[in-house]
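This report concerns only the one structure given below.
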Amino acid sequence: MNNTKRSVENLLFAAWAASIIAMFGSLYFSEIKQYEPCALCWYQRIIMYPFTIILGIAIIRKDYWISFYTMILSAIGAFISTYHYLIQKVSFFSDHTLACGRVPCTGQYINVFGFITIPFLALTAFIIIFICSYIIWTRSKEVAA
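This is how it looks when you write it as structure tokens:
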């Protein structure tokens, strides 16, 4: 029982750490490197940034039931990130996409190893948060009992 509670706390911290790293990473790209975010990047930010506060408060209050909501939001964020990544990397999607604003969503400010772009980094963070939230959600029933 005690090990389950500790693992749930560690997973909650891991999800929060992923959101903090993602938030500071996006701020680094926009504020320091001066990369202007496209519309889809903004949607991903709108979902990611509140995680830092929500998960931070959940850590302090030991509120494991928040994982249900973070799981849903991270799934939505992962969907947006996946779509954005497909627009960048798959010609079928980029050819059939409308302009999404002043900055094109097909632009790739970074392209490490030929596949790591900013939407890929956001997708990775959303997946980490989703997996942590899912495990917390399943184990929180044991902790509550």
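The sequence shown: position 87 = 87 (full-length UniProt numbering), numbered continuously. Positions of the beta carbon are idealized from the N, C-alpha and C atoms, including for glycine.
Burial state of residue i (16 or more Cβ within 10 Å)
{"i": "Val8", "result": "buried"}
{"i": "Thr117", "result": "buried"}
{"i": "Gln88", "result": "buried"}
{"i": "Trp65", "result": "exposed"}
{"i": "Ser133", "result": "buried"}
{"i": "Leu27", "result": "exposed"}
Under 7 Å between C-beta atoms of residue i and residue j
{"i": "Ala39", "j": "Gly107", "result": "no"}
{"i": "Phe29", "j": "Ala78", "result": "no"}
{"i": "Ile129", "j": "Ser74", "result": "yes"}
{"i": "Tyr43", "j": "Met23", "result": "no"}
{"i": "Tyr83", "j": "Phe120", "result": "no"}
{"i": "Leu12", "j": "Ile135", "result": "no"}
{"i": "Thr52", "j": "Ile20", "result": "yes"}
For residue i, three-class secondary structure by DSSP
{"i": "Ile116", "result": "strand"}
{"i": "Cys100", "result": "coil"}
{"i": "Ile90", "result": "At residue 90 the sequence reads Val, which differs from the Ile that was named. In the structure shown, Val90 sits in coil (DSSP, three-state: anything other than H, G, I, E or B)."}
{"i": "Asp95", "result": "helix"}
{"i": "Cys41", "result": "helix"}
{"i": "Lys62", "result": "coil"}
{"i": "Cys105", "result": "coil"}
{"i": "Ile76", "result": "helix"}
Reference residue i; option with closest CA among the options
{"i": "Thr70", "options": "Trp137, Ile32 and Arg61", "result": "Trp137"}
{"i": "Ile62", "options": "Arg6, Ser94, Ser26 and Cys105", "result": "Looking at the sequence itself, residue 62 is Lys, so the reference to Ile does not match. Checking every option, the nearest Cα to that of Lys62 belongs to Arg6."}
{"i": "Ala14", "options": "Ile131, Arg139 and Glu36", "result": "Ile131"}
{"i": "Leu123", "options": "Phe93, Gly114, Asp95 and Arg45", "result": "Arg45"}
{"i": "Phe115", "options": "Trp16, Val90 and Asp95", "result": "Val90"}
Assumed close pair residue i, residue j - CB separation to whole angstroms, cut-off 8 Å
{"i": "Ile47", "j": "Ile76", "result": "6 Å"}
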